[in-house]
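Have a look at the structure below, then the notes.
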Amino acid sequence: MNIAVLTSGGDAPGMNAAVRAVVRSAESLGHQVYGVKDGYKGLIEDDLVLLDHQSVSGMLSTGGTFLGTARVPEFHEPEYQKKAIDNLKKRNVEALITIGGDGTYRGAMDLSKLGMKVIGLPGTIDNDIAGTDYTIGFSTAVETIVSAIDKLRDTSQSHQRCSIVEVMGRSCGDLALFAGICGGAEFIITPENPVKKEDIIETLKQHKEKGRRHAIIVVTEHVFDVHALANEITEASGFASRATVLGYIQRGGHPDSEDRILGSRMGAYAIELLHDGIHGVCVGIRDSQMIHMPFANVVGFPRPKNPLYKLYKKIA
Ligand code: ATP
């Protein structure tokens with residue numbers, strides 16, 4: 003079988019580990035793999051390269067995606083999706099593995115409906131995909147955020163400040179939740195766990211009265227204007243506050259061991275599924291086991307609120 007693999011949407015550490023596992027496990031079963039450059043853009047433009055054992059050597063430990071990624075709005079149109087399938091057919095590519103987030107899954111589901119054999123792997127730092135406990139890249143991004151919180155705590159403690167740290171995640175607060183717990187944050191504010199500004203200010207006033215020297219607030223992007231929040235906290239609570247927006251630094255860096263293993267397991271599992279004639283599904287990890295389910299059971303479904311919020315409430 004000729005199989006194509008692409009990475010799409012935001013890059014995530016561990017995507018390269020997944021591509022490497024796709025290539026090597028496919029080869030071991032006698033299949034051939036094409037790498038598609040820049041996500042769905044490469045499918046439309048027929049920009050594919052043949053990959054082999056050697057061409058993915060050294061990729062396991064690298065961040066980003068060596069295949070490249072892109073946001074391709076025109077891929078919503080059936081006309082471009084059909085063109086993509088025609089390009090794959092020209093090369094006798096029978097199956098496609100897509101690695102990306104929710105948008106990538108939507109594109110993959112459309113291709114599957116048009117008759118392409120597709121497997122989706124969850125690759126995004128946001129952990130915002132239903133149908134999996136973890137996405138490729140999430141663990142490394144949490145590590146990056148925790149390291150930033152640890153550094154901010156040092157300076158906050160020295161200056162008696164409240165540090166507000168804005169992290170990525172869009173509609174999913176898992177990055178803030180996991181990093182907030184690991185960084186000992188006083189407040190974790192996410193779409194799933196909204197907190198009123200007045201309550202933050204009141205609590206910080208009490209902290210100040212008790213002589214606490216610093217506080218850390220971790221906030222998911224778009225929940226608050228963090229710079230305005232810092233000003234309000236400074237004025238109303240007496241706790242001098244500064245906001246730090248971590249931004250794209252959260253996407254970069256070498257994948258940690260969790261993401262190397264998760265990417266490798268998911269890449270190899272995708273090939274196992276195709277080898278067994280299974281497609282039209284996306285892969286996940288549930289209770290440490292590889293699972294798969296139809297795209298329709300995952301796309302558009304929200305993730306349930308993470309049980310770790312209960313832990314955070316007990317120990318904050
Ligand atoms: P991340 O969560 O890291 O942002 P993502 O996969 O959700 O990753 P998007 O930019 O939303 O990132 O989607 C990636 C690509 O998938 C888009 O650029 C587009 O080409 C394709 N795509 C997104 N939504 C759809 C859709 N509804 N139908 C077809 N293709 C889509």
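Heads up: the sequence shown begins at 3 in the working numbering, then just goes up one per residue.
For every residue, glycine included, the Cβ atom is placed at its ideal position computed from N, Cα and C.
Computed from a predicted model, the values in this text were never measured in an experiment.
Your pair valine 285 and glycine 109 does not check out as a contact, with CB atoms roughly 16 Å apart and the cut at 8 Å. Distance from the CA of isoleucine 263 to the CA of glutamate 29, rounded to the nearest whole angstrom, comes to 19 Å.
Threonine 157 sits in a helix when the DSSP states are folded into three classes. Taking one beta carbon from each stretch, the region 310–317 and the region 291–300 have fewer than 3 pairs nearer than 8 Å; the two do not touch.
Taken atom to atom, the span from the alpha-carbon of glycine 186 to that of glycine 254 is near 23 Å.
The Cβ-Cβ distance between isoleucine 127 and leucine 177 falls below 8 Å. With distances taken between CA atoms, valine 301 lies nearest to Ala132 out of Gly269, Ala132 and Ser141.
Distance from the CA of valine 167 to the CA of isoleucine 202, rounded to the nearest whole angstrom, comes to 14 Å.
In this structure, the CA atom of tyrosine 314 is about 6 Å from the CA atom of isoleucine 183. The C-alpha of valine 247 is placed about 40 Å away from the C-alpha of histidine 281. In this structure, glycine 37 places its C-beta atom within 8 Å of the C-beta atom of leucine 50. Secondary structure note for isoleucine 46: its alpha helix (DSSP H) is the uninterrupted segment 42–46.
A distance criterion of 7 Å places the beta-carbon of phenylalanine 77 in contact range of the ligand ATP, judged by its closest non-hydrogen atom.
Of the residues assessed, phenylalanine 303 falls on the exposed side of the cut-off, its CB having fewer than 16 other CB atoms within 10 angstroms. Using a Cβ distance threshold of 8 Å, valine 228 and phenylalanine 180 do not count as a contacting pair.
Not a single heavy atom of the ligand ATP lies less than 7 Å from the C-beta of serine 173.
Counted as a single uninterrupted DSSP element, the stretch harbouring glycine 70 is not any alpha helix (DSSP H), since DSSP gives it neither H nor E. Residue nearest to tyrosine 136 within the set Ile273, Pro15, Ala6 and Glu223 is Pro15 (criterion: CA-CA distance). For glutamine 291, the enclosing beta strand (DSSP E) stretches over residues 291–296.
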